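Before any comments, here is the structure.
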Amino acid sequence: MTQQGPLPRATAFAAVVRCVVASGKLLVQRRIHQPREHVGRRLWFADGTRGRVYRETVVDRPPAADPCVLVVAFLLRGVHGRGHTLFRWESWLNLPLFVGFEGFVSKLWLAHDDHGFYRGVYEWDGPEAAEAYARALWRVLELVSVTGCVRYRVIPDLRCEDLLADAHILDPIEPTGERSWWRLVDAA
Numbered sequence: 005m006t007q008q009g010p011l012p013r014a015t016a017f018a019a020v021v022r023c024v025v026a027s028g029k030l031l032v033q034r035r036i037h038q039p040r041e042h043v044g045r046r047l048w049f050a051d052g053t054r055g056r057v058y059r060e061t062v063v064d065r066p067p068a069a070d071p072c073v074l075v076v077a078f079l080l081r082g083v084h085g086r087g088h089t090l091f092r093w094e095s096w097l098n099l100p101l102f103v104g105f106e107g108f109v110s111k112l113w114l115a116h117d118d119h120g121f122y123r124g125v126y127e128w129d130g131p132e133a134a135e136a137y138a139r140a141l142w143r144v145l146e147l148v149s150v151t152g153c154v155r156y157r158v159i160p161d162l163r164c165e166d167l168l169a170d171a172h173i174l175d176p177i178e179p180t181g182e183r184s185w186w187r188l189v190d191a192a
């Protein structure tokens, strides 16, 4: 995956509308869950930052046939101090903006790091579907984020649970000396 940019606005917002409709169906069917297995867990990244998982979201579905991990990061505009707590509460309302996208499996919601960046660590079924979601999400995030701060990375052939169990699974993808914002180096 080399594409790093948003979808055209009309395409992105049409995808989000389809997602919201699909999310409504999933909610009615009670297929969306908020387990607490990873809540409170700390994730460290190669750039020296860390985030705490404050929410987890999963959808009842068959296991991913073509699993991949998607890491998204963004810096909210004008959110400081207690504003972070308000954002975490408000973020419940964002659920319909992603669970209905094709291929969604799960998401770990990470609180802001030392630089104020939020991350989402997702499992997706299909790197192309993860890429399409990330590029549509970009348009939503750019409404509330610092200009130019939205970024994502798709890591194919990987399940989120495998990554959390052994962050060194990424060593063949990127040398350990790199300091990438997306590269998980430890989870506790």
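Numbering (my numbering), first residue to last: 5 to 192.
The beta-carbon is built from N, C-alpha and C at its ideal position, and this holds for glycine as well.
Given the structure is predicted, the values throughout are model-derived calculations rather than measurements.
- Beta-bridge partners assigned by DSSP to Y122: F78.
- Contact check for S184 and F78: beta-carbon distance about 16 angstroms, past the 8 angstroms limit, so the pair fails to qualify.
- In the DSSP annotation of this structure, the continuous segment of the beta strand (DSSP E) that includes D190 starts and ends at 188 to 191.
- A straight-line Cα-Cα distance of about 12 angstroms links F102 and W142.
- In this structure, the CA atom of T61 is about 15 angstroms from the CA atom of A68.
- Apart from the 5 residues on each side of it in sequence, P160 sits with its Cβ closer than 6 angstroms to the Cβ of C72, P131 in its chain, given in chain order.
- For the options I36, R123, F105, A50, the alpha carbon positioned closest to that of L112 is the one of R123.
- Taking 7 angstroms as the cut-off, the beta carbon of V75 is found closer than this to the beta carbon of V125.
- Under the DSSP assignment, V63 falls in the beta strand (DSSP E) whose first and last residues are 54 to 63.
- Within the model, the alpha-carbon separation for T53 versus C23 is close to 31 angstroms.
- Burial state of V158 is buried, judged by a 10 Å Cβ sphere holding 16 or more other Cβ atoms.
- Here DSSP, grouped into helix, strand and coil, assigns C23 to helix.
- CA-CA distance, D190 to D170, rounds to 8 angstroms.
- Taking C-beta atoms as the reference points, G55 and D117 count as a pair closer than 7 angstroms.
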